[in-house]
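For reference, the structure discussed in these notes is given below.
2 protein chains.
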Amino acid sequence: MTSLKPTTESDDASSVGFTAHDHAACVGSALAAAEDRCAQEGLRFTPVRRKVLELLLREHRAIGAYALLDLLREAGFSSQPPVAYRALDFLSEHGFAHKIERLNAFVACAHPGASHTPAFMICRKCDAVAEARSTPAKGTLGAAARAAGFQIERTVVEAEGVCPACAEVP
Amino acid sequence: MTSLKPTTESDDASSVGFTAHDHAACVGSALAAAEDRCAQEGLRFTPVRRKVLELLLREHRAIGAYALLDLLREAGFSSQPPVAYRALDFLSEHGFAHKIERLNAFVACAHPGASHTPAFMICRKCDAVAEARSTPAKGTLGAAARAAGFQIERTVVEAEGVCPACAEVP
DNA sequence: TTCCCACATGTGATTTTATAACATTTCGAG
DNA sequence: CTCGAAATGTTATAAAATCACATGTGGGAA
């Protein structure tokens, strides 16, 4: 069974990254932005891809591929695993979504369009995920890589812990 | 420690794992160190746990739980998944091994005993894995976490790229 | 010593995550 | 319109991880 914790959309406790916001507008503008960028770059923003991104944006948390499939089914789409994985591949490849390796789950990108190296903060209590930018090449890791002659192509940076909202309610 | 393999690189670059070294000695001393620490801390370094750590050390790269099971079987141990996962849980929990989230695989810890926050460099060509120390709380991520009121408990830092040996042979 | 109990292991089944393989459809360039 | 590449539909299976419960084991308390 996939865990879809209820999304109470009234959590106004705010802090950077975990801030409450006008979620409907956020979803709409992100979709519009994605559509624009796909048009500009000649990418095909097909119905499945759009729906998957929309679902990720709506959830606003890490969601597993199979939970996503359930949502796709509800929305009338085909719901075989490859459908979700292909859409997620497309979205990840073009920076509209990211995989959270620690959770084997996916989130919509919080900085669409920006070329960035994402870092994530994952709340182990509510599964909320905040995306920050990271600069791995500038820190200890970058120094180690240069020392070792290792060429970094991609980084996974994920912090697991407790978000401010959950810290208040033990 | 005398080096069996001639190398132009220093063997003691402990933050760098792509260097050649005396592997038999490395395995032996790591096992001895683990045994010592378990004795000191009242941990039970059972045959399965010891064997799993030995196999990880021998492999000296990321290895999946099921590949490990095959090796366990060859060594005469029971080879049902929980056997491997329980041993890996124990080893991870006490810092003798780490999980590479990006690969769903495991490596022996390169800095046994040291309390540390590991960062990994993963060669996408040869699967070699080097472990470096990281200081995520001090970089961009730490700053973002503090700004957000997020309490970091654990971090995953993994860089994927090309190791020096593979870079030379395209 | 014996009993107990927490911890560790053995084992079969199942769940969760991801991909392979191949047929069919769709879209847009020419 | 036609062709070919890209996308999707579908079945099956691989790969990773956990559950559930029985059994063994080892060290401390009575």
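Top line first, the protein sequences correspond to chains A and B.
In terms of the numbering used here, the first sequence opens at residue 7 and continues consecutively.
In terms of the numbering used here, the second sequence opens at residue 7 and continues consecutively.
Positions of the beta carbon are idealized from the N, C-alpha and C atoms, including for glycine.
**Report entry** Cβ neighbours of A/Leu10 in the same chain (closer than 7 Å, five flanking residues each side left out)
**Finding:** Numbered from 1 along the first sequence, position 4 holds the residue referred to as residue 10 of chain A. For A/Leu10, the predicted model reports a pLDDT of 40, less than 50, meaning its position is unreliable and no value from the coordinates is stated.
Query raised in the report: Straight-line CA distance for B/Ala45 to A/Gly101?
Result: On the second sequence, residue 45 of chain B is found 39 positions in, with the first residue counted as 1. On the first sequence, residue 101 of chain A is found 95 positions in, with the first residue counted as 1. Cα to Cα, B/Ala45 sits roughly 49 Å from A/Gly101.
Query raised in the report: How far does the beta strand (DSSP E) with A/Arg139 in it reach, from first residue to last?
Result: In the first sequence, counting from the first residue as 1, residue 139 of chain A sits at position 133. Here the beta strand (DSSP E) through A/Arg139 covers Val135 to Arg139.
Query raised in the report: For B/Leu3 versus B/Ala103, is the C-beta distance shorter than 7 Å?
Result: Residue 3 of chain B lies beyond the range of chain B shown here (7 to 176); nothing can be said about it.
**Report entry** Contact with chain A by B/Pro170, beta-carbon distance below 7 Å
**Finding:** The sequence position of residue 170 of chain B within the second sequence is 164, counting from 1. Judged by the 7 Å Cβ criterion, B/Pro170 is in contact with chain A.
Query raised in the report: So, are the CB atoms of A/Phe24 and A/Pro118 less than 7 Å apart?
Result: Here the question's residue 24 of chain A lines up with position 18 in the first sequence. Here the question's residue 118 of chain A lines up with position 112 in the first sequence. The answer is no: Cβ separation not under 7 Å.
Requested in this report: Run through the segment 75 to 134 of chain B for me and flag every whole beta strand (DSSP E) of 3 or more residues, listed as ranges in chain order.
Outcome: 103 to 106, 111 to 114 and 124 to 129
Query raised in the report: Taking C-alpha atoms, which residue in A/Leu109, A/Val162 and A/Ala39 lies nearest to A/Glu47?
Result: One-based indexing of the first sequence puts residue 47 of chain A at position 41. Distances from the alpha-carbon of A/Glu47 to those of A/Leu109, A/Val162 and A/Ala39 put A/Ala39 closest.
Query raised in the report: What residues in its chain sit with their C-beta under 6 Å from that of A/Arg139, if we drop five residues either side in the sequence?
Result: On the first sequence, position 133 is the one that residue 139 of chain A refers to. Excluding residues within five positions, the ones whose Cβ falls inside 6 Å are His122.
**Report entry** B/Gly167 (DSSP reduced to helix, strand or coil)
**Finding:** If you number the second sequence from 1, residue 167 of chain B lands on position 161. Taken through DSSP and simplified to helix, strand or coil, B/Gly167 comes out as strand.
Query - Three-state secondary structure (DSSP) of A/Val175 - result: Stepping through the first sequence from its first residue, residue 175 of chain A is reached at position 169. Residue state, collapsed to three classes: coil.
Query raised in the report: So, is the C-beta of A/Ser140 closer than 7 Å to a C-beta in chain B?
Result: Walking along the first sequence from the start, residue 140 of chain A turns up at place 134. Yes, A/Ser140 counts as interfacial toward chain B.
Query raised in the report: When the cut-off is 7 Å and only beta carbons count, does B/Phe112 lie next to chain A?
Result: In the second sequence, the residue the question calls residue 112 of chain B occupies position 106. So no, B/Phe112 is outside the interface.
Query - chain B contact residues for A/Glu99, given Cβ-Cβ distances below 9 Å - result: Position 93 of the first sequence, counted from the start, is the residue given in the question as residue 99 of chain A. Within 9 Å Cβ-Cβ: nothing; A/Glu99 doesn't reach chain B, min ~15 Å.
**Report entry** Any chain A beta carbon closer than 7 Å to B/Gly70
**Finding:** Your numbering for residue 70 of chain B matches position 64 in the second sequence. B/Gly70 does not count as touching chain A.
Report task. Check whether the Cβ of A/Leu147 lies closer than 7 Å to any Cβ atom in chain B. Result -> Walking along the first sequence from the start, residue 147 of chain A turns up at place 141. Taking Cβ atoms only, chain B reaches closer than 7 Å to A/Leu147, which makes this a yes.
Query raised in the report: Are there 16 or more other CB atoms within 10 angstroms of the CB of A/Thr13, so buried, or fewer, so exposed?
Result: As a working mapping, residue 13 of chain A is identified with position 7 in the first sequence. Confidence is the limiting factor: at A/Thr13 the pLDDT is only 39, short of 50, which leaves the residue's position unreliable, though a coordinate-based value still follows. Exposed, by the Cβ-count rule.
**Report entry** Assumed close pair A/Ile158, A/Ala68 - CB separation to whole angstroms, cut-off 8 Å
**Finding:** Translated into positions along the first sequence, residue 158 of chain A becomes position 152. Translated into positions along the first sequence, residue 68 of chain A becomes position 62. Contact doesn't hold; Cβ gap of about 24 Å is too wide.
**Report entry** Euclidean distance between Cα positions of B/Thr8 and B/Asp42
**Finding:** Translated into the one-based positions of the second sequence, residue 8 of chain B becomes position 2. Translated into the one-based positions of the second sequence, residue 42 of chain B becomes position 36. With a pLDDT of only 34 at B/Thr8, under the threshold of 50, the placement of this residue in the model should not be trusted; the figure read from the coordinates follows. When rounded, the distance between both Cα atoms is 23 Å.
Query raised in the report: In this structure, what does DSSP give as the bridge partners for A/Arg152?
Result: In the first sequence, residue 152 of chain A corresponds to position 146, counting from 1. According to DSSP, A/Arg152 bridges with nothing at all.
Requested in this report: Tell me, please, whether the CB atom of A/Ala26 is closer than 7 Å to any CB atom in chain B?
Outcome: On the first sequence, residue 26 of chain A is found 20 positions in, with the first residue counted as 1. Taking Cβ atoms only, chain B never reaches closer than 7 Å to A/Ala26, which makes this a no.
**Report entry** Environment of A/Arg55 [buried if 16+ CB atoms lie within 10 Å]
**Finding:** Within the first sequence, residue 55 of chain A is the residue found at index 49, counting from 1. Around the beta carbon of A/Arg55, 16 or more other beta carbons sit within 10 angstroms, so the residue counts as buried.
Report task. Determine whether the Cβ of A/Ala103 lies closer than 7 Å to any Cβ atom of chain B. Result -> For the purposes of this step, residue 103 of chain A is taken as residue 97 along the first sequence, with counting starting at 1. For A/Ala103, the answer is no, since every Cβ of chain B falls outside 7 Å of its Cβ.
Requested in this report: Mind the definition here: the segment 77 to 92 of chain B touches the segment 134 to 148 of chain A only if three or more C-beta pairs lie below 8 Å; say whether that holds.
Outcome: With a cut-off of 8 Å, the segment 134 to 148 of chain A and the segment 77 to 92 of chain B do not count as touching, because too few Cβ pairs lie within range.
**Report entry** Rounded Cβ spacing between A/Thr120 and B/Ala151 (contact assumed at less than 8 Å)
**Finding:** On the first sequence, position 114 is the one that residue 120 of chain A refers to. On the second sequence, position 145 is the one that residue 151 of chain B refers to. Note that residue 120 of chain A is Ala in the sequence shown, not Thr. Contact check for A/Ala120 and B/Ala151: beta-carbon distance about 20 Å, past the 8 Å limit, so the pair fails to qualify.
Query raised in the report: Relative to the alpha-carbon of B/Ala173, which residue among A/Ser85, A/Leu59, A/Ala154 and A/Gly167 has its alpha-carbon at the smallest distance?
Result: Here residue 173 of chain B refers to the residue found at position 167 when the second sequence is read from its first residue. The option with the nearest alpha carbon to B/Ala173 is A/Ala154.
**Report entry** Assigned secondary structure, B/Arg55 (DSSP; H/G/I helix, E/B strand, else coil)
**Finding:** Locating residue 55 of chain B in the second sequence gives position 49, counting from the first residue. For B/Arg55, the three-state secondary structure derived from DSSP is helix.
Query - Residue of A/Gly148, A/Val168 and A/Val175 minimising C-alpha distance to B/Gly167 - result: Here residue 167 of chain B is taken as the residue at index 161 of the second sequence, counted from 1. When each option's Cα is compared against that of B/Gly167, the closest is A/Gly148.
Query raised in the report: For B/Gly145, does the count of other Cβ atoms within 10 angstroms reach 16, so buried, or fall short, so exposed?
Result: Working through the second sequence from its first residue, we reach residue 145 of chain B at position 139. Under a 10 Å Cβ-count criterion, B/Gly145 is classified as buried, with 16 or more other Cβ atoms of the shown protein chains found around its own Cβ.
Report task. Classify A/Val175 as buried or exposed, calling it buried when 16 or more other Cβ atoms lie within 10 Å of its own Cβ. Result -> Here residue 175 of chain A is taken as the residue at index 169 of the first sequence, counted from 1. Classification for A/Val175: exposed.
**Report entry** Helix, strand or coil at A/Arg67 according to DSSP, with G and I counted as helix
**Finding:** Against the first sequence, residue 67 of chain A aligns to sequence position 61. The answer is coil: DSSP assigns A/Arg67 none of H, G, I, E or B.
Requested in this report: Report yes if the C-beta distance between A/Val89 and A/Arg64 is below 7 Å; otherwise report no.
Outcome: By 1-based counting over the first sequence, the position of residue 89 of chain A is 83. By 1-based counting over the first sequence, the position of residue 64 of chain A is 58. For A/Val89 and A/Arg64, no; Cβs fall outside 7 Å.
Query - Three-state secondary structure assigned by DSSP to A/Arg43 - result: Taking the first residue of the first sequence as position 1, residue 43 of chain A is located at position 37. Note: A/Arg43 maps to helix in three-state DSSP.
Requested in this report: Compare the C-beta of B/Ala120 with all C-beta atoms of chain A and state if any pair is closer than 7 Å.
Outcome: Your numbering for residue 120 of chain B matches position 114 in the second sequence. It does not: the Cβ of B/Ala120 has no partner Cβ on chain A nearer than 7 Å.
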